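Start counting the sequence shown at 289; every next residue gets the next number (the numbering used here).
C-beta atoms are modelled at their ideal positions from N, C-alpha and C, and glycine is treated no differently.
None of the values given here were measured: they were computed from a predicted structure.
Remarks on the structure that follows.
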Amino acid sequence: RASLNLTPDFVAMEAAVTAIRVALPVPLRQHFDYLLPPELEVSIGCRVRVPFGKRELVGIVWQLAVKPDVSEQQLKPVLAVIDQTPVLPALLRQLLSFAADYYHHPLGEVLTAALPALLREGRPLADYLPRAYRLTDSGKAANPQSFSRSAKQAELWQALTTQALDEATVKSHYSGSALKQLMAKELVESFQTEIAPYHYQGLAEPALQLTADQALAVTAVNQAQGSFRPFLLEGVTGSGKTEVYLQLIPSLLELGQQILVLLPEIGLTPQTLERFSKRFRAPVLVWHSNLSDGERLNCWLQAASGSAAVVIGTRSALFLPFRKLGLIIIDEEHDLSLKQQDGFRYHARDLAIKRAALECCPILLGSATPSLESLYNCQQGRFTKLTLTARASGQAMPQLELVDLKQQVLQYGLAAQSIQQMQQQLKLGKQVMLFLNRRGFAPALSCQDCGWLTECQRCSAFTTYHKHSRQLVCHHCGATRAVPRQCGGCGSTRLAPVGQGTEQLEEHLSVLFPEVPVTRLDRDSTRRKGAFASLLAEIQQPGPRLILGTQMLAKGHHFPFVTLVVIVDVDGALYSADFRAPEQLGQLLTQVAGRAGRGHDKGKVLLQTQHPEHALLQDIMLNGYAAFARSALLERQQTLLPPCQYMALFRAEAHQSELCQQWLQQVASYCQQQPQVQQLGPLLSPLERRAGKYRWQLHLYAAQRPLLHQLLSQVLAEVSQWPLSRKIKWQLDVDALDL
Ligand code: ADP
289 RASLNLTPDF VAMEAAVTAI RVALPVPLRQ HFDYLLPPEL EVSIGCRVRV
339 PFGKRELVGI VWQLAVKPDV SEQQLKPVLA VIDQTPVLPA LLRQLLSFAA
389 DYYHHPLGEV LTAALPALLR EGRPLADYLP RAYRLTDSGK AANPQSFSRS
439 AKQAELWQAL TTQALDEATV KSHYSGSALK QLMAKELVES FQTEIAPYHY
489 QGLAEPALQL TADQALAVTA VNQAQGSFRP FLLEGVTGSG KTEVYLQLIP
539 SLLELGQQIL VLLPEIGLTP QTLERFSKRF RAPVLVWHSN LSDGERLNCW
589 LQAASGSAAV VIGTRSALFL PFRKLGLIII DEEHDLSLKQ QDGFRYHARD
639 LAIKRAALEC CPILLGSATP SLESLYNCQQ GRFTKLTLTA RASGQAMPQL
689 ELVDLKQQVL QYGLAAQSIQ QMQQQLKLGK QVMLFLNRRG FAPALSCQDC
739 GWLTECQRCS AFTTYHKHSR QLVCHHCGAT RAVPRQCGGC GSTRLAPVGQ
789 GTEQLEEHLS VLFPEVPVTR LDRDSTRRKG AFASLLAEIQ QPGPRLILGT
839 QMLAKGHHFP FVTLVVIVDV DGALYSADFR APEQLGQLLT QVAGRAGRGH
889 DKGKVLLQTQ HPEHALLQDI MLNGYAAFAR SALLERQQTL LPPCQYMALF
939 RAEAHQSELC QQWLQQVASY CQQQPQVQQL GPLLSPLERR AGKYRWQLHL
989 YAAQRPLLHQ LLSQVLAEVS QWPLSRKIKW QLDVDALDL
């Protein structure tokens, strides 16, 4: 009897409840398990609707048949299964799992970054697929005479007797009310169509004859087709990198494969977009943050169905569910905007390399000024380096010259020598570009009686004076206020701008050169939709012109008539505390300088500075970026900094400075258990206070990545239990770029 009693218990134990594990869009670092009711079936990667507290959420099934984290009583059932086939294929799930682990970020938020908003809402995918119209059986049997009183219905019916018509055709060529009436009479019905893979129809324009360097690069990458291999294409501005990208694509299109091109900021590169869409008779789609939800979903569907041949996109395009990816290209791979700077802080370049590895396809990173990370990877043999040494047009690189500002009387921030050379070029009908990385009229207003300066009340920063909008704007928190009439210190009314921003320089240039049109390119002048494109179009017109702008000018544009670039002021960046500042300044200077002499005429660059003897400027001027980068990398090796070491950064923010410091101190103490991870901090951030909150950081460095990441996992598990963690805002930034 006793043994009989035991049997049912044993059986019950064996059949212990299993659950499905669901990734949910919530910022929590934990699993969520649900019971799958027996009448429901689901596969991994499909969406399900589940209860979550008082809400319902749409999540993605991540694992089946898991032993639940919670007791059987606490386990809630799945409410509905949304998809029959996975919206996230296995390869993408692998990529997202990797990303969540690597950046120690909640999987749910990683998913949010990867899925288009409409799919997160939980309507079935079928709702978004294109529809078409055809005749029903009674429609086919209808007598043409029966439409004699409606010509429009007759017209549509007639068209449908030969073939079904897709939604777009019906909408653009036929009457909407005729369609409605035919459907009401059940003569016409709609049905769902599939999106078909693209059909490549060859080049739409002839390709250029490649230079020897370009041909070598194209051959090397072509040979890697079908296998994972990272390449770095280092080529001076104008050396024909884009042409290399373009010529890698046709052989993949012949095979029906897809190509992903990642660019740092798509709004800023209409010229690149145009070159890709003009070259191929195959669909080239774009992906960026200015698309509507519907447009994004459309691009997502076309990537998934294989109907998109090439997708040109910003960061998150790397999460698109391509049917068969054959190549990833990242242009301007050094650009900081490839790293997401809030929330899920991933680096698109690094994750794209992981994606290429999963897809077994080559990846090509291109830049005139490669990041030290990629150069280091070449040195270590992880990347293959390809080089374009000369400009494709055969045009010489611009000549660089330092203009010593010491003991000079400046006119509106410009040295006499600069003004004279500007005059010369403008007289010849050429364009002159001025680079000043400070928008607004002036960095602050100052009282001429007591020296008081306009400061942001919520940040440790001055407020920029914008003359056109008559406002003081904080460029850190965005706070604006009206320009005060009186000094906040002594009440004097003698307030004057200090320093010069682009708005002011624009005004001064029209005084110096009243006859010459000025085009200003900065965040303020390009805010309006379409403004950027129309300013770029202005610059493409021949004839004398002054072009003035901020770092926007450095972003890969082709300005054919610029023969002289004047770099007005970069001295502020020469003495920064950030170890990456020299690299970034080197890249910026080289990129801006590269805008000169891209047409038929040779270019020249004048760099105005109070510190002509500064080692960084000397190095760039005398040796160029490649040599400069080599010595910068050597320095990082000697000082044990990234990319030669792995790093992670904890940030803390709160209204009370001490809380941040205390919390980071707690992290630091915990991390001391791993003596091979070096610490720096807790330190106040360079911008100590932003939007009313104090900001602190703690840096962690290690020679071995696994060691650092293991410690991070341990510390994160601890942190969630500290009461102090709820009183501050904190974040972990792996491979942080902005310190
Ligand atoms: P990058 O992307 O390196 O700045 P681009 O591909 O934009 O360079 O090329 C710069 C200019 O040189 C463009 O006007 C391009 O049409 C031209 N060009 C590129 N490759 C060739 C080539 N092989 N023969 C002739 N012109 C070329």
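| Check | Outcome |
| --- | --- |
| Proximal residues to G891 (C-beta, below 6 angstroms), its chain only, five neighbours per side dropped | P686, T851, A884, G885 |
| Assigned exposure category for A570 - 16 Cβ within 10 Å defines buried | buried |
| Bridge-paired residues (DSSP) for I827 | None, per the DSSP bridge assignment. |
| H997 (DSSP reduced to helix, strand or coil) | helix |
| Check: K612 C-beta below 7 angstroms from any heavy atom of ligand 1 | no |
| Euclidean distance between Cα positions of A429 and L496 | 57 angstroms |
| Contact the stretch 681-695 vs the stretch 929-949: 3+ CB pairs below 8 angstroms | no |
| Residues near E477 by beta carbon distance below 6 angstroms, same chain, minus five either side | T424 |
| Euclidean distance between Cα positions of S706 and L688 | 13 angstroms |
| Beta-bridge partners of H635, as assigned by DSSP | K627 |
| Closer than 7 angstroms: K468 CB and nearest ligand 1 heavy atom | no |
| Validate contact between the stretch 557-568 and the stretch 836-849 using beta carbons, cut 8 angstroms, 3 pairs | yes |
| Residues of its chain near E344, where Cβ-Cβ distance is below 8 angstroms and the 5 sequence neighbours each way are ignored | R337, V338, L367 |
| As assigned by DSSP and simplified to three states, the class of F723 | strand |
| Classification of K718 by the beta-carbon crowding that lies within 10 angstroms, buried from 16 upward | buried |
| Pair within 8 angstroms by beta-carbon distance, I264 and G654 | Summary: the structure shown does not reach residue 264, with the chain confined to residues 289 through 1027, and so no result is reported for it. |
| Neighbour-count burial assignment, S436, 16 or more Cβ in a 10 Å radius | exposed |
| Euclidean distance between Cα positions of L905 and L551 | 28 angstroms |
| Closer than 7 angstroms: T499 CB and nearest ligand 1 heavy atom | yes |
| At least 3 beta-carbon pairs within less than 8 angstroms: the stretch 342-356 vs the stretch 305-312 | yes |
| Closer than 7 angstroms: H846 CB and nearest ligand 1 heavy atom | yes |
| Where M935 sits in the DSSP three-state scheme | strand |
| Of the listed residues R670, S748, G787, nearest to H764 (C-alpha basis) | S748 |
| Of the residues L968, P900, D619, the one placed nearest G601, counting alpha carbons only | D619 |
| Any non-hydrogen atom of ligand 3 closer than 7 angstroms to T525 Cβ | This structure does not include ligand 3; its bound ligands are ligand 1. |
| Stretch pair the stretch 759-773 + the stretch 731-746: three plus CB contacts closer than 8 angstroms | yes |
| Under 8 angstroms between C-beta atoms of A508 and L674 | yes |
| Alpha-carbon to alpha-carbon, N586 and L573 | 10 angstroms |
| Distance, Q469 Cα to L579 Cα | 34 angstroms |
| Member of F386, G582, Q933, Q875 whose CA lies at the smallest distance from the CA of A915 | Q875 |
| Residue burial classification, N725 (beta-carbon count within 10 angstroms, cutoff 16) | buried |
| Alpha carbon of M301 to alpha carbon of F320, nearest angstrom | The pLDDT assigned to M301 is 43, lower than 50, so where the model puts this residue is not dependable; a value taken from the coordinates is nonetheless given after this. Taking the straight line joining both Cα atoms gives about 23 angstroms. |
| Counted within 10 angstroms of its Cβ, other Cβ atoms place T1010 as buried (16 or more) or exposed | Here residue 1010 turns out to be Trp, not Thr, going by the sequence shown. Exposed. |
| Whole-number beta carbon distance between I547 and V598, since they are thought to touch under 8 angstroms | 5 angstroms |
| Distance between beta carbons of L312 and G427, contact taken as under 8 angstroms | Going by Cβ atoms, the distance from G427 to L312 rounds to 46 angstroms, so no, they are not a contact pair. |
| Check whether L995 and V965 have beta carbons under 8 angstroms apart | yes |
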